[in-house]
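Since the structure comes first, as structure tokens, the remarks are kept for the end.
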Amino acid sequence: MEKETLLDWYRQMVLIRRFEERSDELYQLEGKIKGFLHLYIGQEAIAVGTIAARRPQDHLITAYRDHGHALAAGLEAKYVLAELMGKATGVTGGRGGSMHLASRDRHFWGGYGIVGAHLSLGVGLALAEKYRESEFAAICYFGDGATNIGYFHESLNMAGVWQLPILFVCENNKYGMGTAVDKASANPIISDKARAYCIPAKRIDGNNILEVYDETSAALAKIRAGEGPQFLEMMTYRYEGHSIGDRTRYRPEGELHQWRDEKDPIATLQKHLLTQMGISETELMAIQQDVEREMDEAVRFSNESPLPELDTLYNYIYPEA
Amino acid sequence: MARLTLREAITDALREEMQRDDNVFIMGEEVADWGGTYAVTKGFLEEFGPRRVRDTPISEMVIAGAATGAAMAGLRPVAEFMTINFAFVAFDAIINHAAKVSYMFNGQFDCPVVFRAPGGGGKQLGATHSHTPDVIFAHFPGLKVVCPATPYDAKGLLKAAIRDNGPVLFIEAVPLYTSPKVRDEVPEGDYTVPIGVSDVKREGSDVTIITYGEGLHISLDAARQLEREGIEAEVVDLRTLQPLDMSVPLASFKKTFKAVVVEFGHQTYGIGAEIVARLQEEAFDYLDAPIKRVAQNDVPAPYSGLLEKAALPDADKVVAAVKEIL
Ligand SMILES: Cc1ncc(C[n+]2csc(CCOP(=O)(O)OP(=O)(O)O)c2C)c(N)n1
Ligand SMILES: [Mg+2]
Chain R
1 MEKETLLDWY RQMVLIRRFE ERSDELYQLE GKIKGFLHLY IGQEAIAVGT
51 IAARRPQDHL ITAYRDHGHA LAAGLEAKYV LAELMGKATG VTGGRGGSMH
101 LASRDRHFWG GYGIVGAHLS LGVGLALAEK YRESEFAAIC YFGDGATNIG
151 YFHESLNMAG VWQLPILFVC ENNKYGMGTA VDKASANPII SDKARAYCIP
201 AKRIDGNNIL EVYDETSAAL AKIRAGEGPQ FLEMMTYRYE GHSIGDRTRY
251 RPEGELHQWR DEKDPIATLQ KHLLTQMGIS ETELMAIQQD VEREMDEAVR
301 FSNESPLPEL DTLYNYIYPE A
Chain H
1 MARLTLREAI TDALREEMQR DDNVFIMGEE VADWGGTYAV TKGFLEEFGP
51 RRVRDTPISE MVIAGAATGA AMAGLRPVAE FMTINFAFVA FDAIINHAAK
101 VSYMFNGQFD CPVVFRAPGG GGKQLGATHS HTPDVIFAHF PGLKVVCPAT
151 PYDAKGLLKA AIRDNGPVLF IEAVPLYTSP KVRDEVPEGD YTVPIGVSDV
201 KREGSDVTII TYGEGLHISL DAARQLEREG IEAEVVDLRT LQPLDMSVPL
251 ASFKKTFKAV VVEFGHQTYG IGAEIVARLQ EEAFDYLDAP IKRVAQNDVP
301 APYSGLLEKA ALPDADKVVA AVKEIL
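Protein chains in written order, with my numbering: chain R, 1 to 321; chain H, 1 to 326.
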């Protein structure tokens, strides 16, 4: 992998992490973000690594923990942050909020808040590509918890029956809210569930961006070769609570520390860059400072942005003719 | 012009739209090989092939969700529910997704999906298969709900629905599908009927009957009975429940000062409740008598024919309601 590419991934992951940390502060210390806020800290390698492997026309669709995917898809931090603050300049004009980021231009079809529902939409995005006989695919992200709802099973089955060009990415972070995988899934190996629908599935290390990128590239290549849907279960860990206010009392003592100290996705890439690629600490520091400047600007921009005008309340209930 | 049944008019609209636009396709249970549970898409598989006429698994959630996703990506799916009773299983996909993506994402995404759903009772199919739940779907902004009562309207409204950039639930009253009484002159070529516009189906000066779907036909029957007794009823067909066009019912009411609302759904919290509320809010000074509702009794549909019939509206009940307020 090219040095420039790896440095770009590093920057994206650091940006996501700092975005989440700053958002957390804006929520908890300043009260400027309200409602739900599902942070992506700990899972950054998945969004960045998978999206790096897509073509720009490939569709992305995900759940409510969507800031990382939005940033990796190329939505600008300042417009995403403005959305979290409910501002008119936000990516959905303050109508969607944290859970419902989207960008048509980036083929990012959104974050969705009903667990599992967007898998069915992802199947539809893939159906559209199959219908047009294009070479493009849909990448659909969801959590471990989402694999227990009917939508998951109906969606995998339909994708299998119709051999649709869709990559299912399960971000297995060990918990759905406070419920551990093995408490909620009769089969705790999520990738087995995909095999039940004859969808080729692999369980991989979701905290190693090189592995994420390689496996995603391979899966997308199979899809483009007409081999039908593919499934990747990516093992990862969410550092923060499910949303703001969750004190994560359901986790065993030391679990978080173990993941953070031994398997952190940014530290893992950083180590690779320093030891294998001849990158210096100063170069990485410069990137971190650059990210900090971008975040400072995003906060300034969001703070100064206007709220939506009241007379826009009824806009877009129905699409324009 | 040909005299078509409601079902024939719907089939014609689907066929013509599919011939006109390759982005239009059909998906649903038994739509292809079987030809449609109610034979609406008979012969379509042969004419359009399996790419455009797609049998699905029995998976209402993903039928509705995948149709929504495909619509967002630029296709114009017509997803068929075998009957509207099964759309309950897909409620989330319809209401939380199809009906929300335009607003929630600030107008970035269109969602030109049509959900076709045969509905209605009176066929002794028991409590789970006999619903007229139109009002539930019409409660939510973002989803257009269209309920044609005549073949002419059905063809024109279905074409309008397919061409609409947002989601439309198109509810077809099964009891009207092949009824000879419902046959109507339908132009062969292309025309549309606008969504969200009510229509006067019979003029009269003594009382306004506001209705839609199956209700239209018992209301017209009732109007004929009343005519023999010298009472002239005006019958207004809402045609679309959401967005609701109150201009026609209001204008009629301001002429007759009396109204009866007729629907096949349950009475409590029904269409009638909304219409009555709007009439008294917007035309209180014209109110000469209580506004009556004729609706399905608040009871699950019983199987046995006599019981089922007793719970459903009919022309006699409409006549009785009119006479109560004259
Ligand atoms: C249908 C539905 N049921 C319940 C919820 C509440 N809920 C939101 S997130 C969540 C946990 C989902 O866990 P998972 O799929 O593993 O995703 P993660 O939060 O770990 O990213 C639950 C139960 C919901 N949003 N939708
Ligand atoms: Mg989880």
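Just so it is clear, CB atoms sit at the ideal spot from N, CA and C, and this is done for glycine as well. Bear in mind the structure is a predicted one, so any value in this text is a computation, not a measurement.
Closer than 8 Å to chain R by CB, residue i
i, result
"H/G28", "no"
"H/Q242", "no"
"H/G213", "no"
"H/A70", "yes"
"H/R33", "Looking at the sequence shown, residue 33 of chain H is not Arg but Asp. Cβ-Cβ to chain R under 8 Å: no for H/D33."
"H/F137", "no"
"H/N85", "no"
"H/G166", "yes"
"H/A25", "Per the sequence presented here, residue 25 of chain H reads as Phe, with Ala not at that position. Chain R, which has a Cβ nearer than 8 Å to the Cβ of H/F25, makes this yes."
Environment of residue i [buried if 16+ CB atoms lie within 10 Å]
i, result
"R/E262", "exposed"
"H/V299", "exposed"
"H/Y269", "exposed"
"R/W259", "buried"
"R/M158", "buried"
"H/N331", "There is no way to answer for residue 331 of chain H, as the model of chain H reaches only from 1 to 326."
"H/K323", "exposed"
"R/Y213", "buried"
"H/P112", "buried"
"H/D288", "exposed"
"H/T132", "buried"
"H/H217", "buried"
Cβ neighbours of residue i in the same chain (closer than 8 Å, five flanking residues each side left out)
i, result
"H/V327", "Because chain H here runs from 1 to 326, residue 327 of chain H falls outside it and cannot be looked at."
"R/L71", "Q12, L15, I16, F19, A47, A77 and V80"
"R/K34", "Y27 and G86"
Close-in-space but distant-in-sequence residues of the same chain around residue i (CB under 6 Å, 5 per side omitted)
i, result
"H/P148", "A154 and L157"
"R/E89", "Looking at the sequence itself, residue 89 of chain R is Thr, so the reference to Glu does not match. The answer, listed in chain order, is A82 and S305."
"H/S252", "T208, E234 and V236"
"H/V145", "F137, A138, L169, L241 and Q242"
"R/H118", "I61 and Y112"
"R/A1", "Residue 1 of chain R is actually Met in this sequence, not Ala. Cβ within range, chain order: n/a, list empty."
"H/I373", "The requested residue 373 of chain H is not part of the displayed model; chain H covers only 1 to 326."
"H/R399", "In the structure displayed, chain H extends from 1 to 326; residue 399 of chain H sits before or after that span and is not available."
8 Å Cβ cutoff, residue i in contact with chain H
i, result
"R/W109", "yes"
"R/P319", "yes"
"R/R18", "no"
"R/E76", "no"
"R/Y316", "yes"
"R/A218", "no"
"R/A117", "yes"
"R/T92", "yes"
Chain-ordered chain H contacts of residue i [CB-CB under 7 Å]
i, result
"R/G176", "Chain H residues near R/G176: none, gap ~18 Å exceeds 7 Å."
"R/V161", "P57"
"R/G150", "M61"
"R/A102", "F105 and Q108"
"R/R95", "Y103, M104 and N106"
"R/L274", "Here the premise fails: no neighbours, minimum Cβ distance about 41 Å."
"R/N157", "P57 and S59"
Cutoff 7 Å; reference residue i; Cβ partners in own chain excluding five residues on either side
i, result
"H/Y303", "Q124 and G126"
"H/T56", "M27, G28, E29 and I63"
"R/Q288", "V14"
"R/D205", "E211 and M235"
Contact set between residue i and chain R, taken where Cβ atoms lie within less than 7 Å
i, result
"H/L75", "A128 and Y131"
"H/P141", "I317"
"H/R51", "Y131"
"H/D327", "The structure shown does not extend to residue 327 of chain H, since chain H spans only 1 to 326, so no value can be given for it."
Neighbouring residues, chain H, relative to residue i (Cβ below 9 Å)
i, result
"R/S280", "Under the 9 Å cutoff, chain H gives no residues; its nearest Cβ is about 42 Å from R/S280."
Listed by chain order, chain R residues near residue i by CB distance under 8 Å
i, result
"H/A66", "S120, L121, V123, G124, L127, S155 and M158"
"H/C111", "P319"
Proximal chain R residues relative to residue i, where beta-carbon distance stays under 9 Å
i, result
"H/H97", "Y112, I114, A117, H118, S120 and L121"
Cβ of residue i within 8 Å of any chain C Cβ
i, result
"H/V113", "Within the model displayed, chain C is absent; protein chains R and H are what it includes."
Which ranges does the beta strand (DSSP E) cover as unbroken runs of at least 3 residues, wholly within the region 195-239 of chain R, from first to last along the chain? 201-205 and 230-235
Secondary structure, beta strand (DSSP E): runs of 3+ residues fully inside the region 154-198 of chain R: 166-172
Complete alpha helix (DSSP H) runs within the region 134-161 of chain H (minimum length 4 residues, chain order): Positions of the alpha helix (DSSP H) runs, each at least 4 residues long and wholly inside the region 134-161 of chain H, are given as 134-138 in order along the chain.
Enumerated in chain order, which unbroken segments of the alpha helix (DSSP H) with a length of 4 residues or greater are wholly contained in the region 93-158 of chain R? 117-131
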